[in-house]
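Presented below is the structure to which this report refers.
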Amino acid sequence: MPDAPCDLCLANATTADGGTIAIDVAAGRVAALRDADAPAPPAGCTIDLAGALVLPGLSDGHIHLDKCMLGLDWRPHRAQGSVRAIIEDEKAFRRAARTPLARQGAEALLDRMIRGGTTSLRTHVDIDDVTGLDHLAQILALRARWSDRMQIQIVAFPQSGILRCPPVAAYLDEALRMGADLVGGLDPVGIDGDRDGPLDTVFALAERHGRGIDIHLHDAGEAGLDEIDAIVARTRAAGLGGRVTVSHAFALADADDRRLGRTAEALNRAGVAILSSVPGGRRCPPIPRLRDLGVAVCFGTDNVRDCWNPSSVTSMVARAQLAAYRFDLRSDADLTALLDPITAVPAEVLGLGPGILAPGLRADLVAFDAACAPQVIVERQEPILVVAQGVVAVDRRTLESPISSARFGTAPLPPHGR
64 MPDAPCDLCL ANATTADGGT IAIDVAAGRV AALRDADAPA PPAGCTIDLA
114 GALVLPGLSD GHIHLDKCML GLDWRPHRAQ GSVRAIIEDE KAFRRAARTP
164 LARQGAEALL DRMIRGGTTS LRTHVDIDDV TGLDHLAQIL ALRARWSDRM
214 QIQIVAFPQS GILRCPPVAA YLDEALRMGA DLVGGLDPVG IDGDRDGPLD
264 TVFALAERHG RGIDIHLHDA GEAGLDEIDA IVARTRAAGL GGRVTVSHAF
314 ALADADDRRL GRTAEALNRA GVAILSSVPG GRRCPPIPRL RDLGVAVCFG
364 TDNVRDCWNP SSVTSMVARA QLAAYRFDLR SDADLTALLD PITAVPAEVL
414 GLGPGILAPG LRADLVAFDA ACAPQVIVER QEPILVVAQG VVAVDRRTLE
464 SPISSARFGT APLPPHGR
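The numbering of the sequence shown is my numbering, which starts it at 64 and goes up by one.
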């Protein structure tokens, strides 16, 4: 007998393991995964995917919504020689800016992200002596406006450092009271010139407010590895396993295999995750090796059209393809494994659950005109359908495609179709 009525049914969906199923959605969650030929319950909307590949909604583990200049006049990128120099250039730009970037640019960025299949993200929001708490207030309001389409987690981020920018510690404390989900940090040695002082502040705030931590760590070489060791030790002492992320972690690219193995073991014991945007140059952590060592690695976009990077690529599929290219990953097994850093791992790191297709989980789903995950990645595909919290947010099925222009069934869309 068919189950209870549902709001949406995605029929004839192909799963990552090659199976064909139907997905029933009710009240914003996956109600059931059925055999494709099993009796269907009454549905408010049925979409025949005709074999399209369906994955969980994609997750961006690291982005800066409040920095984005999308929609503004073009500003040539000004290459700087150091992190400190970029910080000062950005602060000068903000002092002169007439448009609140945290509102206009962020809205445009979110629209691009959901069109690319991203349904959850972690954004770092600048808190310093120029922005104060203004950017945070704007991003909190943005999160409320997008709550029906995008799960947004907010990190209170001390972009100018903590010790070298004295008001910041108090601002971070207030930011966590206002609704920031995590406390951030930045290069204790490289920016503040002190390994322990900034980490003491960050971990004290996390413990006081019961929040997680996400620390930007660009510091390279032995100094950076020593900082990772210090973060790991503090995480274990504070009992914050599973709630701490080191973003970028460039120093891991400098470790020999023996040192990398020791660091990976320590990260795993402490429950500390690594975030990478798969950057150019030589500072990208050895992602395949970290995966083999069992480290939780997730991907993020990082900067989009801002003072740090003029790039406008927001697709997490493109990020996975970039990793495949950089590390020469070609087999189906290796390419399929690149789904984890854009689905399951960031979902766990963000505390959103397992990031898989399963009954009872939030119905964030993306469908691709592909037979398998490797095809999605190597072709850098855009999704043909995005479902966010059980509602169709993006629908490209009616667009002409040289592969499958007429194979998809049509049906009336629920409200909010984009």
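Cβ coordinates follow ideal geometry from the N, Cα and C atoms, glycine included.
On a predicted model such as this, the values are computed, not experimentally measured, just so you know.
- Put simply, the backbone Cα of T406 is about 9 Å away from that of F362.
- Take the alpha-carbon of L413 and the one of D277: they are about 10 Å apart.
- Around the beta carbon of W209, a 10 Å sphere encloses 16 or more other beta carbons of the protein chains shown; the residue is thus reported as buried.
- Counted as a single uninterrupted DSSP element, the stretch harbouring P261 is not any beta strand (DSSP E) but the alpha helix (DSSP H) occupying residues 259-272.
- When the five nearest sequence neighbours on each side are left out, the beta carbons in the same chain lying within less than 8 Å of the beta carbon of T78 are those of I84, L116, V117, L420, in order along the chain.
- In the displayed model, I225 falls within coil according to three-state DSSP, outside both helix and strand.
- Shortest Cα-Cα distance from S340 to any of L356, A333, V360, L415 involves V360.
- Taking 8 Å as the cut-off, the beta carbon of A451 is found closer than this to the beta carbon of M213.
- According to the DSSP assignment, H187 belongs to the beta strand (DSSP E) that extends over 181-189.
- DSSP, reduced to helix, strand and coil, places D395 within a helical segment of the structure shown.
- Classified as buried, R354 has 16 or more neighbouring CB atoms from the shown chains inside 10 Å of its CB.
- In terms of Cα proximity to M379, the closest of I110, S122, D87, G81 is S122.
- Distance between A238 and G247, taken at the CA atoms: about 11 Å.
- Taking C-alpha positions only, F390 is separated from P351 by approximately 8 Å.
- Closest option to G357, judged by alpha-carbon separation, among G334, Q438, P102: G334.
- Just so you know, the alpha carbons of A387 and R92 end up roughly 32 Å apart.
- If you look at L71, you'll find it in the beta strand (DSSP E) that goes 69-77.
- Annotation note: the stretch 369-432 contains the following uninterrupted alpha helix (DSSP H) runs of length 4 or greater, listed N- to C-terminal: 379-389, 395-400, 407-412.
- Cβ neighbours of G253 within its own chain (closer than 7 Å, five residues either side excluded): V146, H281, D282.
- Excluding the 5 residues flanking it on each side, I440 has same chain C-beta neighbours closer than 7 Å at V380, A383, Q384, A387, L398, L401, in chain order.
- For the 8 Å CB-CB criterion, P417 and E411 form a contact.
- Here V295 is actually not in contact with A243; their C-beta atoms are around 23 Å apart, not less than 8 Å.
- Under the three-state reduction of DSSP, P348 is assigned to coil, being neither helix nor strand.
- Between Q216 and D129, the C-beta spacing is not below 8 Å.
- The shortest CA-to-CA distance from H127 to any of L415, T326, H279, W137 is the one to H279.
- In the three-state scheme derived from DSSP, where H, G and I count as helix and E and B as strand, L356 is classed as coil.
- Contact annotation, D70 with A89: C-beta distance approximately 5 Å; criterion of less than 8 Å satisfied.
- Between the C-alpha atoms of V367 and A103 there is a straight-line separation of about 43 Å.
- The C-alpha of S223 is placed about 17 Å away from the C-alpha of L268.
- Of the residues A286, R393, D197, the one whose Cα lies closest to the Cα of Q438 is R393.
- Ranked by Cα distance from P422, the first of R240, D189, D87, A67 is D87.
- In the three-state DSSP reduction, V441 falls in the helix class (H, G or I).
- In this chain, the beta strand (DSSP E) harbouring I217 covers 214-220.
- Taken atom to atom, the span from the alpha-carbon of G273 to that of A74 is near 42 Å.
- Distance between A106 and V455, taken at the CA atoms: about 14 Å.
- Bridge pairing for P119: L428 [DSSP].
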